[in-house]
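Novice: Numbering-wise, the sequence shown is residues 410 to 689 according to my numbering. Where is the CB? At the ideal position from N, CA and C, for every residue including glycine. This structure is in structure tokens; I'll ask about it shortly.
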Amino acid sequence: MALKRSYKVVNVDKVTYAARKDLDFDTRPGYMLIKKDICDLTSLPDKVECVVNFAAESHVDNSIRGSSKFMQSNTHGVYNLLELVRRMEPAKRPLFIQISTDEVYGDIIHGSFRETDPLKPSNPYSATKAAAEELVMGWGRTHGIRYKITRSSNNYGPGQSNEKFIPNIIMHANRGEKARVYGKGLNSREWTYAADNCAAIFLVMEKGKDNEIYNISSSEELTNLEVVKKVLKAVGKPTDFFEFVADRPGHDVRYSVNSTKIASLGWKPSIILDMYLASL
Ligand SMILES: NC(=O)c1ccc[n+]([C@@H]2O[C@H](COP(=O)([O-])OP(=O)(O)OC[C@H]3O[C@@H](n4cnc5c(N)ncnc54)[C@H](O)[C@@H]3O)[C@@H](O)[C@H]2O)c1
């Protein structure tokens, strides 16, 4: 998407187990991959205008099993990037965009979180993402670094790592195995198409105000049970081809964010989950 918009892209990626290795733009002009951990980066590319930090350990279950990589990549990595920006001459400093998550708010039983609501993360992953945001804001105010933060709901789309809920259901179905659903499947999430999220991030980068936070969500809210049934139907399996498994510790009941701020920049989602599933 960035290359189509004629941006030059330097992609710094550690290429962990979660990374896509089949990118069709690897050899295109204007794109360069630096295989490196953001914690170990010692300088930013010359004349960089914007750092967009997507890099993170992102799977909640992994963060419950062991959180050290999450602390390292999600928190120390952000600290390192901020320090690299701080050390530059003020006039040459890039804008810093931190890709965050709706999970930083914790759960909400009724209504939707606004950008001004306090952060109350419930698990090690979301705690490290909340900590990262605080670092960005602290470095921003004290060192005058221009920043923007996006907080997106759950994403779906092609090429997503098999550990994420929707591809995980498909992976199990393709192996003839039942999908696994935590608890009673009543936890609910909002689902946003990844390309729509990226379009919103471009809007934030190009038109959003400095030092502001933007929620990004299609507001399509579904329980995990609804998602698993939709996905199973889409891949031609019976809609009861799943099993309930012991609930995740600390499992957030419901996430919901208010997206009127990003909508005011002209953003709206282009598809709903059914449309994506019909294309599988
Ligand atoms: N997937 C979602 O539903 C969702 C929702 C909201 C926010 N987010 C955020 O969006 C970002 C991307 O999420 P994703 O689902 O694509 O994650 P992912 O886990 O699928 O991919 C993470 C990418 O970051 C890279 N990476 C990890 N640690 C790194 C490090 N220390 N240095 C350099 N590269 C590193 C990996 O190699 C991989 O390419 C994350 O910051 C995540 O918190 C994701």
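1) Less than 8 Å between the C-beta atoms of S562 and Y664, yes or no?
2) Note down, in chain order, each residue of its chain lying with its Cβ closer than 6 Å to the Cβ of L641, except the 5 sequence neighbours on either side.
3) Measure the alpha-carbon distance for N420 versus S452 and round it to whole angstroms.
4) Flag G475 as yes when its Cβ comes closer than 7 Å to any non-hydrogen atom of ligand 1, and as no otherwise.
5) In terms of alpha-carbon separation, which member of P454, N471, H552 lies closest to P499?
6) What would DSSP say about F611, mapped onto helix, strand or coil?
7) Is G675 near ligand 1, in the sense that its beta carbon is under 7 Å from a heavy atom of that ligand?
8) Grab me the residues of W548's own chain with a C-beta within less than 7 Å of its C-beta, minus the 5 sequence neighbours each way, in chain order.
9) Quick check on V424: buried or exposed, where buried means 16 or more other Cβ atoms within 10 Å of its Cβ?
10) Does the beta-carbon of G477 have 16 or more other beta-carbons within 10 angstroms, so that it is buried, or is it exposed?
11) A428: beta carbon under 7 Å from a heavy atom of ligand 1?
12) So what's Y664 in DSSP terms, helix, strand or just coil?
13) Note the first and the last residue of the continuous alpha helix (DSSP H) segment covering N633.
14) Report the partner residues of K456 according to the DSSP bridge assignment.
15) Do you know offhand how far V461's Cα is from V644's?
16) Fully enclosed by the region 490-561, which alpha helix (DSSP H) runs are 4 residues long or longer?
17) Measure the alpha-carbon distance for S690 versus L674 and round it to whole angstroms.
18) Could you tell me the alpha carbon to alpha carbon distance between T510 and F522, rounded to whole angstroms?
19) Taking 8 Å as the limit between beta carbons, can you name the residues of its chain near V590, skipping five residues before and five after?
Specialist: Taking the definition as stated:
1) Yes, Cβ-Cβ distance for S562 and Y664 is below 8 Å.
2) Excluding its 5 nearest sequence neighbours in each direction, L641 has C-beta neighbours in its own chain below 6 Å: T648, F650, listed in chain order.
3) N420 and S452: Cα-Cα distance of roughly 14 Å.
4) Outside the cutoff, so no.
5) For P499, the closest C-alpha among the options P454, N471, H552 is that of H552.
6) Annotated three-state conformation of F611 is helix, per DSSP.
7) No.
8) Taken in chain order, the residues that qualify are L491, R495, I554.
9) V424 should be labelled exposed.
10) First, the residue type needs correcting, since residue 477 is Ser and not Gly in the sequence shown. Counting of Cβ neighbours within 10 angstroms places S477 among the exposed residues, the total staying below 16.
11) True, at least one ligand heavy atom lies under 7 Å from that Cβ.
12) Coil.
13) 633-643 is the span of the alpha helix (DSSP H), which, as asked, contains N633.
14) According to DSSP, which records beta bridges pairwise, K456 is partnered with nothing at all.
15) Using only the alpha carbons, I get a separation of about 35 Å.
16) As far as the region 490-561 is concerned, its whole alpha helix (DSSP H) runs of at least 4 residues are 533-552.
17) A question about residue 690 goes unanswered here, because the residues of the chain that appear run from 410 up to 689.
18) Approximately 12 Å between the Cα atoms of the pair.
19) In its chain, beyond the 5 residues on either side, N633, L634, V637, F651, E652, F653, V654 have a beta carbon closer than 8 Å to the beta carbon of V590.
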